[in-house]
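Undergrad: This structure is in structure tokens; I'll ask about it shortly.
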Amino acid sequence: MSETNNQKEDMSLLQAWQKKIELANTNNIFCHCHQCQYEWVDSSFEAICPSCKSSRIERISCWQFPDD
Ligand SMILES: [Zn+2]
424 MSETNNQKED MSLLQAWQKK IELANTNNIF CHCHQCQYEW VDSSFEAICP
474 SCKSSRIERI SCWQFPDD
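For reference, each letter of the sequence shown is one residue, going 424 to 491 in my numbering.
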């Protein structure tokens, strides 16, 4: 039994997940405009509101939503 080995495995698992999350982030960002309350899904954290062109955007990565 070696805790060090287990930790190493956990780390590579974590890194694999981070890649998946990164990928999910680039494709599924839920955006909510604080200006006009418009909601949409975008692939960029730089996007502005397509409705009112505001940059007051709240961004939530879709993988953060509860999975039920
Ligand atoms: Zn807006």
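Cβ atoms here follow ideal geometry from the backbone N, Cα and C, with glycine treated the same way.
#1: Assuming arginine 479 contacts glutamine 458 under a Cβ cut-off of 8 Å, what Cβ separation, rounded to an integer in Å, is found between them?
#2: Exposed or buried, which one is cysteine 475 when buried takes at least 16 other CB atoms within 10 Å?
#3: Can you grab the Cα-Cα spacing for the pair phenylalanine 453 / glutamate 469, in whole Å?
#4: What I want to know is whether the C-beta of glutamine 438 ends up closer than 6 Å to one or more non-hydrogen atoms of ligand 1.
#5: Any heavy atom of ligand 1 closer than 6 Å to the beta-carbon of cysteine 472?
TA: Once the coordinates are examined:
#1: 5 Å
#2: exposed
#3: 12 Å
#4: no
#5: yes
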